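Peer 1: Going left to right, the sequence shown walks through residues 119 to 219 as this note's numbering numbers them.
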Amino acid sequence: LGHANYRTVLDMSRHSAADGMPIDLSLEPPKCDSCIQGKQVRNTVPKVREGEKATRRVERVYVDLTGPASKVSRSGNLYSMNLIDDHSSFSWSISLRSKSD
């Protein structure tokens with residue numbers, strides 16, 4: 119779950135709550151890489167739209183082909199064709215055995 123805050127450890131030492139724990143106050147507090155990474159946040163990527171949105175369903179469809187997968191599916195497929203309708207944002211995926219399907 120982590121560790122105690124450095125200030126808490128100092129307070130414990132000052133109030134003799136932790137015997138046998140030497141603390142050197144002349145040094146900077148140690149940096150904890152896990153704490154630093156845990157406090158980092160990701161900024162959202164702004165969505166930039168170029169051009170007009172489609173006015174009818176299936177007027178403009180975006181297609182992305184992925185694969186080959188590292189393992190063959192039960193039905194023998196290695197590729198996936200992912201489609202997104204620009205007008206409705208409806209998306210679907212079609213499994214393919216090969217790129218040429």
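Ideal Cβ placement from N, Cα and C applies to all residues, glycine included.
Everything numeric in this text was worked out from a predicted model, so none of it was measured.
1) Who does S213 pair with in a DSSP beta bridge?
2) Is it a yes or a no for the stretch 175 to 187 touching the stretch 195 to 214, going by three-plus beta-carbon pairs under 8 Å?
3) Ends of the alpha helix (DSSP H) at D142?
4) Go ahead and label D204 buried or exposed: buried means 16 or more other beta carbons lie within 10 angstroms of its beta carbon, across all protein chains shown.
5) In angstroms, rounded to a whole number, what distance separates the CA positions of C153 and V181?
Peer 2: In this structure, then:
1) Start at 1 with the first residue of the sequence shown, and residue 213 comes out as number 95. S213 is bridged to S198.
2) A contact exists between the stretch 175 to 187 and the stretch 195 to 214.
3) For the purposes of this step, residue 142 is taken as residue 24 along the sequence shown, with counting starting at 1. Counting along the chain, D142 falls outside any alpha helix (DSSP H), and DSSP gives it neither H nor E.
4) Taking the first residue of the sequence shown as position 1, residue 204 is located at position 86. By the neighbour-count rule (16 or more Cβ atoms within 10 Å), D204 is buried.
5) On the sequence shown, position 35 is the one that residue 153 refers to. On the sequence shown, position 63 is the one that residue 181 refers to. Taking the straight line joining both Cα atoms gives about 41 Å.
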